[in-house]
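Notes follow once the structure below has been shown.
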Amino acid sequence: NAGVTQTPKFQVLKTGQSMTLQCAQDMNHNSMYWYRQDPGMGLRLIYYSASEGTTDKGEVPNGYNVSRLNKREFSLRLESAAPSQTSVYFCASLSSNSAGELFFGEGSRLTVL
Amino acid sequence: GENVEQHPSTLSVQEGDSAVIKCTYSDSASNYFPWYKQELGKRPQLIIDIRSNVGEKKDQRIAVTLNKTAKHFSLHITETQPEDSAVYFCAASQHDYKLSFGAGTTVTVRA
Numbered sequence: 002n003a004g005v006t007q008t009p010k011f012q013v014l015k016t017g018q019s020m021t022l023q024c025a026q027d028m029n030h031n032s033m034y035w036y037r038q039d040p041g042m043g044l045r046l047i048y049y050s051a052s053e054g055t056t057d058k059g060e061v062p063n064g065y066n067v068s069r070l071n072k073r074e075f076s077l078r079l080e081s082a083a084p085s086q087t088s089v090y091f092c093a094s095l096s097s098n099s100a101g102e103l104f105f106g107e108g109s110r111l112t113v114l
Numbered sequence: 678g679e680n681v682e683q684h685p686s687t688l689s690v691q692e693g694d695s696a697v698i699k700c701t702y703s704d705s706a707s708n709y710f711p712w713y714k715q716e717l718g719k720r721p722q723l724i725i726d727i728r729s730n731v732g733e734k735k736d737q738r739i740a741v742t743l744n745k746t747a748k749h750f751s752l753h754i755t756e757t758q759p760e761d762s763a764v765y766f767c768a769a770s771q772h773d774y775k776l777s778f779g780a781g782t783t784v785t786v787r788a
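Quick mapping for you: the protein sequence lines, in order, are chains A and B.
Just so you know, the first sequence maps onto residues 2 to 114 in our numbering.
Just so you know, the second sequence maps onto residues 678 to 788 in our numbering.
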């Protein structure tokens, strides 16, 4: 049981380049999330998907797009990366039966030059 | 939306002493308050949570208290050990599927 798997773990981009962060969970969870973590700012929600087929904006959605490909997979795309998007990105999933516990992936460290 | 403030941002304690982290929230409709622990270079993991119909919850050396009237909740760690050194995040939500996190507290336990 891998839990939540996200790729890549590390990525360096130049300003203006695009990339997609991939996330998959094997726990049959309904809801999936993308957070970014920056020093002194905690975990900020970028986008979430409460169920397959739906996506919604979180606190900081500008510059990002998401796709809930199926129940297992939820990807985050940066269309034109900016230095302000340098961060650690976490994917997470939540089962409606798990009393609210978020299960996080290992994180993806993105640097935009 | 919900706004969660967390204090202090850093906390250094002697091994064996207690540590207390406090959080306030803005939305009186919030009803779920989890705490996550993140060790260096690792993913955040849930350590304890409390719902608004409960005032206090304990799990071994950790406890969480909730004051709905004042809209604040706290994490208490007793008899701290070196493995308690980590970043701790509080969070709040109205619905379980959308959490708002505090900025985090870096706890260092001195041997």
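We put the CB at the ideal spot given by N, CA and C, even for glycine.
Chain A within 8 angstroms of residue i, Cβ atoms only
i	result
Leu743/B	no
Any C-beta of chain B under 8 angstroms from that of residue i
i	result
Gly106/A	yes
Phe91/A	yes
Interface residues of chain B facing residue i [CB-CB closer than 7 angstroms]
i	result
Gly43/A	Phe766, Phe778, Gly779, Ala780 and Gly781
Glu102/A	Leu723
Where residue i meets chain B, residues with beta-carbon distance less than 8 angstroms
i	result
Glu60/A	Gly678 and Ser777
Status (buried if at least 16 other CB within 10 Å, exposed otherwise) for residue i
i	result
Asp726/B	buried
Thr757/B	buried
Leu114/A	exposed
Arg738/B	exposed
Thr55/A	exposed
Asp761/B	buried
Ser703/B	exposed
Ser695/B	exposed
Lys797/B	With chain B covering 678 to 788 only, the question about residue 797/B has no answer from this structure.
Lys775/B	buried
Leu95/A	buried
Proximal residues of chain A, C-beta to C-beta of residue i below 7 angstroms
i	result
Pro797/B	What the structure shows of chain B is the stretch from 678 to 788, and residue 797/B is not part of that stretch, so it cannot be assessed.
DSSP beta-bridge partners of residue i
i	result
Glu74/A	Ala25/A
His749/B	Thr701/B and Asn744/B
Ile725/B	Trp712/B
Thr693/B	Per the sequence presented here, residue 693/B reads as Gly, with Thr not at that position. The partner list for Gly693/B (beta bridge, DSSP) is empty, contrary to what the question assumes.
Asn66/A	Arg78/A
His868/B	No statement about residue 868/B is possible, as the shown extent of chain B runs from 678 to 788 and does not include it.
Lys775/B	Answer is none; Lys775/B lacks a bridge partner.
Leu114/A	DSSP output for Leu114/A lists no bridge partner at all.
Ser88/A	Leu111/A
Contact set between the segment 720 to 745 of chain B and chain E, restricted to residues whose Cβ is under 9 angstroms from the partner
Among the protein chains of the structure shown, namely A and B, there is no chain E.
Per the contact definition of three or more C-beta pairs closer than 8 angstroms, is the segment 687 to 694 of chain B in contact with the segment 729 to 741 of chain B?
no
> Is the number of C-beta pairs between the segment 8 to 28 of chain A and the segment 106 to 114 of chain A that are closer than 8 angstroms three or more?
Replying inline: yes
Taking contact to mean 3 or more Cβ pairs, one atom from each stretch, closer than 8 angstroms, check whether the segment 75 to 83 of chain A and the segment 21 to 29 of chain A are in contact. yes
Count Cβ pairs between the segment 707 to 727 of chain B and the segment 762 to 773 of chain B that sit closer than 8 angstroms; are there 3 or more?
yes
Worksheet entry | the segment 700 to 709 of chain B contacting the segment 734 to 743 of chain B, beta-carbon criterion three pairs below 8 angstroms | no
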